[in-house]
Amino acid sequence: MEHKESAKLFAQAKRFIPGGVNSPVRAFKSVGCDPVFIARAQGARVYDVDGNEYIDYVGSWGPMILGHAHPKVIEAIRKTAADGTSFGAPTPLETQLAEAVCEAYPNMEKVRMVSSGTEATMSAIRLARGYTGRDKILKFDGCYHGHADSLLVKAGSGAATFGVPTSPGVPADFAKHTLTATYNDLAEVQTLVAANQGEIACIILEPVAGNMGCVIPRPGFLEGLRALCSAEGIVLIIDEVMTGFRLAYGGAQERFGIYGDLVCLGKIIGGGMPVGAFGGKAEIMDLLSPQGGVYQAGTLSGNPLAMSAGLATLALLREEGFYQQIEEQSAYLEQGLRQAASATARKTCLQRVGGMFCTYFHEGPVDNFAQAAQSDTQTFGRFFRGLLDEGVYIAPSQFEAGFMSIAHSRADLDRTIEAAAKVFARL
Ligand code: KE4
12 MEHKESAKLF AQAKRFIPGG VNSPVRAFKS VGCDPVFIAR AQGARVYDVD GNEYIDYVGS
72 WGPMILGHAH PKVIEAIRKT AADGTSFGAP TPLETQLAEA VCEAYPNMEK VRMVSSGTEA
132 TMSAIRLARG YTGRDKILKF DGCYHGHADS LLVKAGSGAA TFGVPTSPGV PADFAKHTLT
192 ATYNDLAEVQ TLVAANQGEI ACIILEPVAG NMGCVIPRPG FLEGLRALCS AEGIVLIIDE
252 VMTGFRLAYG GAQERFGIYG DLVCLGKIIG GGMPVGAFGG KAEIMDLLSP QGGVYQAGTL
312 SGNPLAMSAG LATLALLREE GFYQQIEEQS AYLEQGLRQA ASATARKTCL QRVGGMFCTY
372 FHEGPVDNFA QAAQSDTQTF GRFFRGLLDE GVYIAPSQFE AGFMSIAHSR ADLDRTIEAA
432 AKVFARL
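12 is the number of the first residue of the sequence shown in the working numbering; add one for each residue after it.
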């Protein structure tokens, strides 16, 4: 495949944009090639500026569960835009989306719209701190909740339970309030909570971890966290930015039957437009300004175009059999990829929940970040580049998930499986 135009655009982009991209993972740094620049997309396909066509499993990192440029979503945006794009004042649309979200998530008695997943989680953490009067938070190694300072933190070395920054620019004083535990290790969380009795405001986690590949909660893990938080007065924040409306209409919480005190959403609820949301018990949410003292705000929060795209998307997700079809397509692809992987001597481990999945170059299982980090990322890079040449576009990192859309046809899945078999055989 030719990538001359992408190469030219990348060089130009790097003159004006750090790293040539507006979000790091798009630079393809961990897969050993330059990024392709996308010209357009339709359904399950994206087309780059050199005219190459790809079957797309990135789906804009989750939002495009309907496939790209769904006519009903485009029409909703177009119609709303004709009456103005932003007013900085309340509109009926944001109440309609808020109501739809609260109907889908019974533990979300109230919800506030923001413009990204980062804003949602950052605000939920501030709210949990305001509600409990406690400063410490607990997150899990390998879970990504956006780039707010208190979340760019990893476990301190040795006995120190204090967090240390993972990025320059995050003051140690901020990081020290963030405790980090191993995903799926309930005993470790219980030890950390006991060692910080009465000081932890919230525990935040991805209910299925899609930022270290696709790591599945082991039986008892989510239930144990729920019970621990209830017993200790800790706010359980379930970050469904990626899993919300993906793993079920009611997200991972519906799928696993575990409900947070606060929930963060994003991606799918914007239908590809910039949206995040956070919500939960009214007694917590009502502490938010202007009703309460916890400040949070945003110029484009509840933007009418984004609300319209979200409403049009959710209406289609409510159609009979939608998630059953996503499950059937994803199970079919999983089976085919497992078969295709037998063509390689490399260790592979495919993990999936609903329409999100990942192929690790690791013998598996992968239950936490330390295990995920043992994956053969060099081979993953060759796998990625081989698939790209075969017209299949997967996430450009071993530590990301792939996403199914309703627009992927059986022929697309068969072509993907065929391409994977060819690439696996060459690894
Ligand atoms: P944004 O600020 O990127 O909208 O959302 C942050 C976020 C929060 N919570 C979860 C569970 C997330 O997965 C994300 C963002 N996901 C990544 C993909 N793994 C976004 C892609 C990117 O950073 O460009």
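The beta carbon of each residue, even a glycine, is placed where N, CA and C say it ideally should be.
Please return the same chain residues whose Cβ sits closer than 6 Å to the Cβ of R266, not counting the five positions on each side in sequence.
L258, A259
According to DSSP, T202 sits in a beta bridge with which residue or residues?
Beta-bridge pairing links T202 to no other residue.
If you draw a straight line from the C-alpha of L108 to the C-alpha of L190, how long is it?
34 Å
Length of the line joining the Cα atoms of G153 and Q409:
12 Å
Take I245 as the anchor and find which of K150, Y194, A115 has the nearest alpha-carbon.
K150
Candidates P103, A55, D146: which alpha carbon is nearest I211's?
D146
How many Å lie between L399 and K121 at the Cα?
43 Å
Whose C-beta lies closer than 6 Å to the C-beta of G347 among residues of the same chain, with five residues either side of it excluded?
I428
Quick one: which unbroken alpha helix (DSSP H) runs of 4-plus residues sit fully inside the stretch 377-401? Chain order, please.
380-383, 388-400
Rounded to whole angstroms, what's the CA-CA distance from S9 to A139? Just pull it up for me.
Given that the chain is displayed from residue 12 to residue 438, the structure contains no residue 9 and the question cannot be resolved.
What residue from C113, D196, P376, V181 has the CA that sits closest to F256's CA?
C113
I think P74 touches G283, with their Cβ atoms under 8 Å apart; what is that distance to the nearest whole Å?
5 Å
From what residue to what residue does the alpha helix (DSSP H) around Q340 run?
333-352
In whole angstroms, what separates the C-alpha of S416 from that of T310?
31 Å
Hey, G366 and Y65: beta-carbon distance below 8 Å or not?
no
Is G157 near the ligand KE4, with its Cβ less than 7 Å from a heavy atom?
yes
Near G221, which residues of its chain fall below 6 Å by C-beta distance, leaving aside the five closest residues on each side in sequence?
M253, M367, A412
In this structure, how does DSSP classify Y371 when only helix, strand and coil are distinguished?
strand
At a cut-off of 7 Å, is T177 close to the ligand KE4 when judged by its beta-carbon and the heavy atoms of the ligand?
no
Assuming A80 is part of the alpha helix (DSSP H), what are its boundary residues?
No alpha helix (DSSP H) contains A80, which DSSP labels as neither H nor E.
Run the proximity test for G366: is its beta-carbon closer than 7 Å to any non-hydrogen atom belonging to the ligand KE4?
no
For I249, tell me which candidate among A206, A135, V305 has the shortest Cα-Cα distance.
A135
Note the first and the last residue of the continuous beta strand (DSSP E) segment covering F289.
287-291
Can you confirm whether the stretch 378-397 touches the stretch 18-27 when touching is taken to mean that 3 or more C-beta pairs between the two stretches lie within less than 8 Å?
no
Just checking T390 against the ligand KE4 - is the residue's beta carbon closer than 7 Å to any of the ligand's heavy atoms?
no
Quick check on L299: does DSSP put it in helix, strand or coil?
strand
Does the distance from the C-beta atom of V47 to that of H14 stay below 8 Å?
yes
Following a CB-centred definition, is V6 positioned closer than 7 Å to any heavy atom of the ligand KE4?
With the chain covering only 12 through 438, there is no way to say anything about residue 6.
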